[in-house]
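Encoded as structure tokens, the structure appears first; notes follow it.
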Amino acid sequence: MTTSPSHIDRHRLIEDLRWKKFPVLDDGFVALVDCMGDDAAVVQAARVSYGEGTHKVSDDRQLIRYLMRHSHTTPFEMAELKFVVRVPMDCWRQWVRHRTANINEYSTRYSLAIDSMQGTHDDQWRSQAATNRQGSGEFLTKAAGHKLTQSEMELQSLARRIYEERLEAGIAREQARKDLPLSTYTEAYWKIDLHNLLHFLALRMDPHAQLEIRRYAETIAREIVAPLFPLCWEAFLDYRVEGMRLTKLDQGVIQRLAARPGALLPATSHDFLSAQDPSWSGLERCRERDECWQKLMVLGLVE
Ligand SMILES: Cc1cc2nc3c(=O)[nH]c(=O)nc-3n(C[C@H](O)[C@H](O)[C@H](O)COP(=O)(O)OP(=O)(O)OC[C@H]3O[C@@H](n4cnc5c(N)ncnc54)[C@H](O)[C@@H]3O)c2cc1C
């Protein structure tokens, strides 16, 4: 069973983590600057009417798990984390859509743009996904990616050279930067409470999120949130990341599969189609039906 570190261990942990740069992508990083609160702060807020009292760690764990299961979210807002991050602009553009954080970003009006752009190795180019219009498919071979990496390097150095030529010609930094590519790294302070950070992580660690931002989310999760908030993290994994939501329609499919005379599991695709929701039948393509099939696969109910 997961337990929370003692006060002294935790203090040491925070001091070890503070300002430690965890590398992400080829030149990015995330580092913890400050952390307010811990698992106990979440528990304390939830027990506001009773006081801390003599509750045991196992009670704290049960309470956190209850809060997470039932979306009692405000106690998780009592903890806050501040990071400094270095991220390519295209990834940052997705990151800043999370409005529940406080941000202060490096200014390229005031300072020179960071002289670093995210590069793509020969074996890192991804094809367009065939089934998901937003996602990536297979990796290209190294040989196929080599040419793309070469042209990326040419483009990035040309863009940087033109930027610097404009600055040398006395052009304002705010205008000179306009043609820098989205692969240019930016840096920012990013402060967010634990509830909204977990929301960010749930969305951005998900396989549907772009791989680059996923790498950042995974690093924040693994290196910082999991060790600092072990009980909250455990509950978050159990109930959000690795939990499964069965819709009313999904439940109907399972009930019909189970009600088949002599029902044998796993059911075949033919059985599944016979048990599908009536609103799906007749549709050649149905994303909701595909999602239901995936859930039943995970549960071992279909083959
Ligand atoms: C896989 C993926 C694909 C995406 N694709 C696109 C896309 O194609 N185009 C696009 O534009 N975006 C896209 N997004 C961004 C997405 O729509 C959200 O803007 C982003 O994930 C932030 O989520 P959020 O609003 O829940 O988070 P936050 O901004 O942190 O907000 C957290 C919660 O607070 C509440 N909240 C915050 N601000 C407000 C407000 N002003 N009004 C009401 N409620 C508020 C909401 O309940 C919200 O869920 C994508 C995101 C993901 C993960």
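Plus 11 on top of the position in the sequence shown (first one is 1) and you've got our numbering.
C-beta: ideal position from N, C-alpha, C; glycine also.
As the structure is a computational prediction, the values presented were derived from the model and not from experiment.
Just to check, is the beta-carbon of A155 closer than 7 Å to a non-hydrogen atom of ligand 1?
For ligand 1, not one heavy atom lies less than 7 Å from the Cβ of A155.
Rounded to the nearest angstrom, what separates E165 and L242 at their Cα positions?
Using only the alpha carbons, I get a separation of about 48 Å.
For W201, which residues does DSSP report across the bridge?
F94 and I114
Check each candidate in V313, F283 and E198 and name the one with the smallest Cα separation from A42.
Looking at the Cα atoms, E198 is the closest of the given residues.
Those residues, in chain order, that have a beta-carbon closer than 5 Å to some heavy atom of ligand 1
In chain order, the hits are R108, H109, R110, T111, L214, H219 and A220.
Just checking, does the stretch 133-141 make contact with the stretch 204-218 on the three C-beta pairs under 8 Å criterion?
no
Is Y121 helix, strand or coil by DSSP?
coil
Cβ neighbour criterion (16 or more within 10 Å) applied to T258
exposed
Go to A140, then tell me how far its beta strand (DSSP E) extends in each direction, as first and last residue.
Segment: none, A140 is in no beta strand (DSSP E) and carries neither H nor E.
Per DSSP, cross-strand counterpart(s) of L35:
Just to set this straight, residue 35 is Val in the shown sequence, not Leu. V35 pairs with G39.
I'd like the list of long-range same chain contacts for D190, defined as Cβ closer than 8 Å, with 5 residues on each side in sequence excluded.
A170, I173 and Y174
W304 beta carbon near ligand 3 (any heavy atom closer than 7 Å):
Absence of ligand 3 is noted for the structure shown, with ligand 1 being the only ligands found.
Label S194 either buried or exposed according to how many other C-beta atoms from any shown protein chain fall within 10 Å of its C-beta, with 16 as the threshold for buried.
Around the CB of S194, 16 or more other CB atoms lie within 10 Å, so the residue is classed as buried.
Rounding to the nearest angstrom, what Cα-Cα distance links M79 and D249 in this structure?
9 Å
Nearest-angstrom Cα distance between M255 and E234?
25 Å
With DSSP collapsed to three states, give me the class of M216.
coil
Can the beta-carbon of V54 be found less than 8 Å from the beta-carbon of F87?
no
Among A155, G48, Q186 and D217, nearest to L239 - alpha-carbon criterion
The residue from A155, G48, Q186 and D217 with its alpha-carbon nearest to that of L239 is G48.
Use the C-beta contact count for D45: other C-beta atoms within 10 angstroms, 16 or more gives buried, fewer gives exposed.
exposed
Taking the Cβ atom as the reference point for each residue, do W291 and E299 lie within a distance shorter than 8 Å?
It is a contact, given that the beta carbons lie within the stated cut-off.
With H, G and I counted as helix, E and B as strand and the rest as coil, what does DSSP make of S147?
Three-state result, S147: strand.
Same chain, Cβ closer than 7 Å to A124, neighbours up to 5 away in sequence not counted:
Y174, R188, L191 and T195
CB contact flag (W30, I114, <8 Å):
no
Quick one: residues in its chain with C-beta nearer than 8 Å to the C-beta of L178, no 5 flanking neighbours on either side, listed in chain order?
L123, R184 and A187
Identify, in the order they occur along the chain, each residue of the same chain with its Cβ nearer than 8 Å to the Cβ of L222, setting aside the five sequence neighbours on each side.
Excluding positions up to five away in sequence, the list reads R137 and S147.
Sequence-distant residues of its chain with Cβ nearer than 7 Å to R120 (five each side left out):
R184 and E185
Please go through the same chain and pick out, in chain order, the residues whose beta-carbon is closer than 7 Å to the beta-carbon of D261, but skip the five residues on each side of it.
C303 and K306
What's the call for Y227, buried or exposed, on a 16-neighbour Cβ count within 10 Å?
Burial call: buried.
Could you tell me which residues DSSP puts in a beta bridge with R29?
The partner list for R29 (beta bridge, DSSP) reads L43.
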